[in-house]
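With the numbering used here, you'll find the sequence shown wraps up at 167, consecutive numbering, no jumps.
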Amino acid sequence: EMTWKRGIDAVSFGGTKNGLMGVEAVIFFDPKYAWEFELRRKRSAQLFSKHRYLSAQMHAYLQDNLWLDLARQANTAAARLVAGLRQNPKVTLTHSPEANMIFFQMPRYLHQKLKRAGAVYTIYEGALEGPSPDTLLTARLVCDWSVSHEVIDQFVALAASGDP
């Protein structure tokens, strides 16, 4: 409904960010655009000699809607994380989460505490080290299909616990 029926010529169908190893697909809705893409793929050294190993992953990924199940798991994990972060008055969501990415702000000291505890995420605006512990830093969290409820709950609890 939201691709070829809207006049889109091609779509990138990624697998790498959803559990596959080095597998991405480009789907052309009009074959007249595909021939040049094949040439460009070869010229950019993206034609693997053992392509069947990548194809086997994509086949399993598409079978029985595994790709959709994995995406749902990632989005469900993100929704749980968002619900937990919204309970924390020190955290502000900077954008309304649409899927599995969460952009938020919280004081530097909380970021430092989370990082010391082993949390892995990206600081987008601001520096982790700095003079004022209360400075708000913007960061991005991404949940994938493998994130457990326990890990999410630990992150939320640590972000909610105490002052610097």
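Don't be surprised by glycine CBs; every beta carbon is placed ideally from N, CA and C. These figures come from a predicted structure and were not determined experimentally.
Backbone secondary structure at residue i - three-state DSSP
i	result
V14	strand
A162	helix
F40	helix
T19	helix
A81	helix
V26	coil
Q108	strand
L73	helix
Residue i versus residue j: straight-line alpha-carbon distance, rounded
i	j	result
T1	D12	Not covered by the structure: residue 1. The range shown for the chain is 4 to 167.
K93	R9	42 Å
A28	M104	22 Å
H114	Q76	26 Å
Beta-carbon separation (whole angstroms), residue i vs residue j, contact threshold 8 Å
i	j	result
Y64	G17	Between G17 and Y64 the Cβ distance is about 10 Å, and since that is not below 8 Å, they are no contact.
A169	L88	Look at the range of the chain in this structure, 4 to 167, and you will see that residue 169 is not part of it.
L57	V14	Not really, about 18 Å apart at Cβ, beyond 8 Å.
C-beta atoms of residue i and residue j nearer than 9 Å
i	j	result
Y124	V145	yes
L73	G121	no
R83	F106	no
F40	F32	no
First through last residue of the beta strand (DSSP E) which encompasses residue i
i	result
L144	139 to 145
Y124	Neither: Y124 is in no beta strand (DSSP E) and is coded neither H nor E.
Limits of the alpha helix (DSSP H) - the one that residue i falls within
i	result
Y112	111 to 119
L131	Premise fails: L131 is in no alpha helix (DSSP H) and is neither H nor E.
A63	54 to 65
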